[in-house]
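Take a look at the structure below.
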Amino acid sequence: MPIINENFIINTNGNTDIINITKHIQNCVYKHELKDALVCISIQGSTSAVTTIEYEPGLIKDLQQAMERIAPSSIEYHHDEIWHDGNGYAHVRAALVGSSVNIALKDGLLNLGTWQQVVLMDFDNKERSRNITVQIVY
Amino acid sequence: MPIINENFIINTNGNTDIINITKHIQNCVYKHELKDALVCISIQGSTSAVTTIEYEPGLIKDLQQAMERIAPSSIEYHHDEIWHDGNGYAHVRAALVGSSVNIALKDGLLNLGTWQQVVLMDFDNKERSRNITVQIVY
Amino acid sequence: MPIINENFIINTNGNTDIINITKHIQNCVYKHELKDALVCISIQGSTSAVTTIEYEPGLIKDLQQAMERIAPSSIEYHHDEIWHDGNGYAHVRAALVGSSVNIALKDGLLNLGTWQQVVLMDFDNKERSRNITVQIVY
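Residue numbers (this note's numbering), protein chains in the order written: chain S, 1025 to 1162; chain C, 1025 to 1162; chain L, 1025 to 1162.
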């Protein structure tokens, strides 16, 4: 069996909450004591996304403000005309950032840069529980 | 052989046409009756992209309007000075959204959220025929 | 062993330098003389990204200008209050474009469109040396 499916749950505050999930991914991967592998991270749901950033408080604010410029929460969305849940902007942001990211495992370590972390972005306008899948192909 | 290559063709209207391709992907994957696998979707071409969204008419309009704000079709692009095909904005949009997405197959089912669908976005300014590849690693 | 890890180094000028890395990827892949495979490209670092575009001088300028509109280098970033390295905009751009992309290998060829090339985008505000990983799953 050359593929392992792992997953974990993260509770978020929504509202473009940005959470460092690097340690969770390491926990899923490192216990298998593999040397070289492809690690695929994907998130369920249409108002959240995964990407990589330098995880520090300043940049988190910058990224939240950037998303507010790109898909403002203050304008009207057709999505909200139907569902009236006021999270149209969250759907647009998630579609742009994307729901999956790949990282190489090399000599037993995730091949991230010194300052590079994997993050979950939750754009929904309320608290959510998110299910992240980590697939390890080796 | 732990990898299967499948593909399908979608005819689009271009002009930021957004098409739900979830069923096509399921057709490629489910016939192999696998339990756990990595499913990688990629699209050929430099004016189209794949991502995941809640596929409903309001959000489709929202996403089209967001792309119009992010890379307006009304401004001038250097790309069009050379090719004169007027689709510079389409290239920029495609580069931002991205050409590939991964989904986990778990217990025989694509691990999408309840409202999450895989979509093809065709940003070109004319009708196109698009070739989508589905790779299944198991 | 169904997975091969390759990598290469690219020296960039930073400042949203956009470099065609398709030939480098082909060099990593084609020497193995495989028929069908999944090719996963990922980049280390939090101020660079990978995506696919039609690589021509006009579009390169268009994409650089689009990034300048989406995450302007002229506004203030909280990230720079801490590090004072003036590259907050580079981090935001990288998070949006993304650090990984997948391409199918079919009948021994990378399944790119006629005009579609894989590019490295370096958003940092200085020259950098970038490490790109190419994983081949077959």
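All C-beta atoms, glycine included, are put in the ideal place defined by N, C-alpha and C.
All values derive from a computational prediction rather than experimental measurement.
{"query": "Sequence-distant residues of the same chain with beta carbon closer than 6 angstroms to I1084 of chain S, five excluded per side", "result": "I1042"}
{"query": "Among S:W1107, S:I1028 and S:D1060, nearest to D1131 of chain S - alpha-carbon criterion", "result": "S:D1060"}
{"query": "Any C-beta of chain L under 8 angstroms from that of D1104 of chain S", "result": "no"}
{"query": "Proximal residues of chain C, C-beta to C-beta of C1064 of chain S below 7 angstroms", "result": "L1062 and N1126"}
{"query": "Cross-chain neighbours of G1122 of chain S in chain L, by beta carbon under 8 angstroms", "result": "G1122"}
{"query": "Helix, strand or coil at T1046 of chain C [DSSP, three-state]", "result": "helix"}
{"query": "Reference I1127 of chain S; option with closest CA among S:T1036, S:L1087 and S:V1053", "result": "S:V1053"}
{"query": "Min CB distance G1132 of chain C to chain S below 8 angstroms", "result": "no"}
{"query": "Spatially closest choice to I1034 of chain C from C:S1072, C:L1136, C:H1102 and C:V1063, by CA coordinates", "result": "C:S1072"}
{"query": "DSSP-derived helix/strand/coil call for D1164 of chain S", "result": "Nothing can be reported for residue 1164 of chain S, as the shown portion of chain S is limited to 1025 through 1162."}
{"query": "Collapsed DSSP secondary structure at N1051 of chain L in the structure displayed", "result": "helix"}
{"query": "A1095 of chain L versus P1081 of chain L - alpha carbon distance", "result": "21 angstroms"}
{"query": "Member of L:V1142, L:T1157 and L:I1160 whose CA lies at the smallest distance from the CA of I1077 of chain L", "result": "L:V1142"}
{"query": "I1077 of chain L at chain C interface by Cβ criterion, 8 angstroms", "result": "yes"}
{"query": "Beta-carbon proximity check, M1145 of chain C vs T1075 of chain C, cutoff 8 angstroms", "result": "yes"}
{"query": "Classification of S1098 of chain S by the beta-carbon crowding that lies within 10 angstroms, buried from 16 upward", "result": "exposed"}
{"query": "I1028 of chain L and I1160 of chain L closer than 8 angstroms at C-beta", "result": "yes"}
{"query": "Whole-Å CB distance - D1086 of chain C paired with G1038 of chain S, under 8 angstroms assumed", "result": "No, D1086 of chain C and G1038 of chain S are not in contact; Cβ-Cβ is about 18 angstroms, not under 8 angstroms."}
{"query": "Neighbouring residues, chain S, relative to V1116 of chain L (Cβ below 7 angstroms)", "result": "D1086, L1087 and A1090"}
{"query": "Coarse secondary structure for I1033 of chain C, derived from DSSP in three states", "result": "strand"}
{"query": "S993 of chain L versus W1107 of chain S - alpha carbon distance", "result": "This structure does not reach residue 993 of chain L, given that chain L is present from 1025 up to 1162, and the question cannot be answered."}
{"query": "Boundaries of the beta strand (DSSP E) in which I1127 of chain C is found, first to last residue", "result": "S1124 to K1130"}
{"query": "S1070 of chain S versus C:N1149, C:L1136 and C:I1156, residue with shortest Cα-Cα distance", "result": "C:L1136"}
{"query": "C-beta atoms of Y1079 of chain S and N1044 of chain S nearer than 8 angstroms", "result": "yes"}
{"query": "Three-state class that DSSP yields for L1120 of chain C in the structure shown", "result": "helix"}
{"query": "Min CB distance G1110 of chain C to chain L below 8 angstroms", "result": "no"}
{"query": "Residue span of the alpha helix (DSSP H) that contains D1104 of chain S, given as start and end", "result": "H1102 to W1107"}
{"query": "A1073 of chain L in three-state terms, based on DSSP", "result": "strand"}
{"query": "Cβ-based burial, L1133 of chain C [other Cβ within 10 Å; buried from 16]", "result": "exposed"}
{"query": "Own chain residues within Cβ distance below 8 angstroms of Q1088 of chain L, not counting five before or after", "result": "T1040 and I1042"}
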